[in-house]
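In the working numbering, the protein residues as written are 69 to 171.
Backbone N, C-alpha and C fix where the C-beta goes; we use that ideal spot for every residue, glycine too.
For clarity, every value in this text was computed on a predicted model and none was experimentally measured.
Here the structure comes first, spelled out in structure tokens, and everything after it is commentary.
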Amino acid sequence: MSTKAFHELHETAQVILREAHELFYEKGYEKASMREIAERVGISKAAMYHHFMNKEEILYTICLQAGNLVYDNLQQAIRRNEDLNVPVQEQITDILLEYTTSY
Numbered sequence: 069m070s071t072k073a074f075h076e077l078h079e080t081a082q083v084i085l086r087e088a089h090e091l092f093y094e095k096g097y098e099k100a101s102m103r104e105i106a107e108r109v110g111i112s113k114a115a116m117y118h119h120f121m122n123k124e125e126i127l128y129t130i131c132l133q134a135g136n137l138v139y140d141n142l143q144q145a146i147r148r149n150e151d152l153n154v155p156v157q158e159q160i161t162d163i164l165l166e167y168t169t170s171y
């Protein structure tokens with residue numbers, strides 16, 4: 069899923085992903101349940117399945133979103149450094165340092 073596709077997700081799906089991410093962080097993926105996610109979002113468990121087939125799909129989408137964010141940020145950083153005539157290894161180091169301190 070591209071970053072654009074993520075932003076085009078229904079608003080409720082975005083809220084589900086945000087709340088699931090927080091719950092996975094707090095309790096761990098294995099201990100979190102679809103019911104708990106639904107409660108946090110304020111929708112029924114059945115409504116959750118309108119947006120995601122299962123907890124695995126939610127985690128997959130969260131990971132895909134994070135990967136896309138990293139990719140997009142790296143692409144932007146590379147474009148900023150393209151004209152600087154900086155060695156590739158130094159560019160990569162700078163990009164990774166920027167990413168880890170910003171996110």
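Backbone CA spacing between glutamine 157 and tyrosine 93 [nearest angstrom]: Reading the sequence shown from its first residue, position 89 is the one you call residue 157. Reading the sequence shown from its first residue, position 25 is the one you call residue 93. Rounded to the nearest angstrom, the two C-alpha atoms are 33 Å apart.
CB of arginine 108 within 8 Å of CB of glutamate 125, strictly: Counting from 1 along the sequence shown, the entry for residue 108 is found at position 40. Counting from 1 along the sequence shown, the entry for residue 125 is found at position 57. Cβ distance not < 8 Å, so arginine 108 and glutamate 125 don't count as in contact.
Given 8 Å, three or more beta-carbon pairs between the region 97 to 107 and the region 115 to 134: yes
Own chain residues within Cβ distance below 8 Å of lysine 72, not counting five before or after: Counted from its first residue, the sequence shown places residue 72 at position 4. Here the model assigns lysine 72 a pLDDT of 48, short of 50, so the residue's position is not dependable, and the following value carries that caveat. Non-local C-beta neighbours of lysine 72 in its own chain, meaning closer than 8 Å and more than five positions away in sequence, are absent.
Element boundaries [alpha helix (DSSP H), containing isoleucine 84]: The sequence position of residue 84 within the sequence shown is 16, counting from 1. Where isoleucine 84 is concerned, the enclosing alpha helix (DSSP H) stretches over 79 to 95.
Where isoleucine 105 sits in the DSSP three-state scheme: Stepping through the sequence shown from its first residue, residue 105 is reached at position 37. Reduced to three states, the DSSP call for isoleucine 105 is helix.
Whole-angstrom C-beta distance between threonine 129 and leucine 85, which should lie under 8 Å: Your numbering for residue 85 matches position 17 in the sequence shown. Your numbering for residue 129 matches position 61 in the sequence shown. At roughly 6 Å, the Cβ-Cβ gap stays under 8 Å, so leucine 85 and threonine 129 are in contact.
Alanine 134 classed as buried or exposed, judged by whether at least 16 other C-beta atoms fall within 10 angstroms: Working through the sequence shown from its first residue, we reach residue 134 at position 66. By the 10 Å Cβ count, alanine 134 comes out exposed.
Alpha helix (DSSP H) segment containing methionine 116, residue limits: Position 48 of the sequence shown, counted from the first residue, corresponds to residue 116. Run containing methionine 116: 113 to 119, per the alpha helix (DSSP H) assignment.
CB of tyrosine 97 within 8 Å of CB of leucine 127, strictly: Reading the sequence shown from its first residue, position 29 is the one you call residue 97. Reading the sequence shown from its first residue, position 59 is the one you call residue 127. Closer than 8 Å, so yes.
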